[in-house]
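This report refers to the structure that appears directly beneath it.
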Ligand code: AHR
């Protein structure tokens, strides 16, 4: 009965949203909106033509943090594939556009719509306690996806499905350790620069901490500098240019996602240098999207530490269990690999993103 009431409210709100969006579109067409990007890339799902049909659907309010990378697009697509009406879900998707305040607004709107579950990928890890307490007080379970939150009380979320960034950072360190040994360079001075992702995100902090932990074992590994490339190619290129200007002798670039790596590669090539297995600078990247794996195959990127975006099915499974009244694991890490020229060929055919 309670669920029935919530669904009626959700439908009412969707109708209101639809009218508002229609008005905004009219304004935009009339030129009264100044092209300042006011429409979200992923619009809230406004389908309301299913009246009377979707009463049994589980309503999910999902706040994706943005659309900054190829990985993020694949992650969103994975959620959309799993949380379909055919699978019993009604997905309301909002794009946070890299801003925590947008995500908090979305979560508050999901609470007022009385959705059945709130799912969100937090752009940064702290600052969620108040809004998650509001969700808890409203009796709405919260599932954190992809990145992690840092909250005082773990009961503010029901489960987390995502990737372990610290382990990813460690894998990058272990890979470098092994590769230097193979090349007989383990005693050489190794100059390293790090392109970091969005500051304060668990992806950035975990990868930095994991790599730093392995690096601290080696007195001859010198981390010359770290610079924030915000997980985007443009910023990655900009920061890499600065590194190349400031440090003439870089041996290794650790780039915390493939998008920044693409930008960094441009900067390196423009500086007349080469990368990869036979190049001047070794590249360790994260994510392992198809375009980057092709560069691993060509020997341009030495190693790509996978961050697996295929998280939708695991989220759907957590929700199904909760619906059946079963207990769920608090932490649900997704499996990940490390790709190098020796194994990448095995995975190219199945890489869809
Ligand atoms: O949180 C996962 C990270 O966020 C991915 O490495 C990156 O590409 C994305 O933007």
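In our numbering, the protein residues as written are 1123 to 1475.
From the three backbone atoms N, C-alpha and C, an ideal C-beta is built for every residue, glycine too.
These numbers were taken from a predicted model, which means no experiment stands behind them.
Check	Outcome
Beta-bridge pairing of residue 1317 - partner residues as DSSP gives them	1349, 1377
Any non-hydrogen atom of ligand 1 closer than 7 Å to residue 1325 Cβ	yes
heavy atom of ligand 1 below 7 Å from residue 1379 C-beta	yes
Residue 1282 Cβ short of 7 Å to ligand 1 heavy atom set	no
Inter-residue Cα distance where the pair is residue 1477 and residue 1201	Look at the range of the chain in this structure, 1123 to 1475, and you will see that residue 1477 is not part of it.
Assumed close pair residue 1312, residue 1374 - CB separation to whole angstroms, cut-off 8 Å	6 Å
Distance cut-off 7 Å: residue 1429 Cβ against heavy atoms of ligand 1	yes
N-terminal and C-terminal residue of the alpha helix (DSSP H) that residue 1251 is part of	1251-1259
heavy atom of ligand 1 below 7 Å from residue 1408 C-beta	yes
Backbone secondary structure at residue 1454 - three-state DSSP	strand
Cβ contact (3+ pairs, closer than 8 Å) linking the region 1301-1311 and the region 1260-1273	no
Simplified DSSP assignment, three categories, for residue 1222	helix
C-alpha gap between residue 1398 and residue 1276, whole angstroms	42 Å
At least 3 beta-carbon pairs within less than 8 Å: the region 1280-1299 vs the region 1455-1463	yes
Cβ contact (3+ pairs, closer than 8 Å) linking the region 1333-1352 and the region 1270-1284	no
Within the region 1414-1460, ranges of the alpha helix (DSSP H) (whole runs, at least 4 residues)	1434-1445
Strand pairing of residue 1312, partner residues [DSSP]	1343
Residue 1469 - DSSP class collapsed to helix/strand/coil	coil
Separation of residue 1467 from residue 1186, as counted between CA atoms	32 Å
Burial state of residue 1395, where buried means 16 or more other Cβ atoms lie within 10 Å	exposed
Three-pair Cβ contact test at 8 Å for the region 1379-1388 versus the region 1352-1364	yes
Residue 1190 beta carbon near ligand 1 (any heavy atom closer than 7 Å)	yes
Straight-line gap, residue 1412 to residue 1193 (C-alpha atoms, nearest Å)	10 Å
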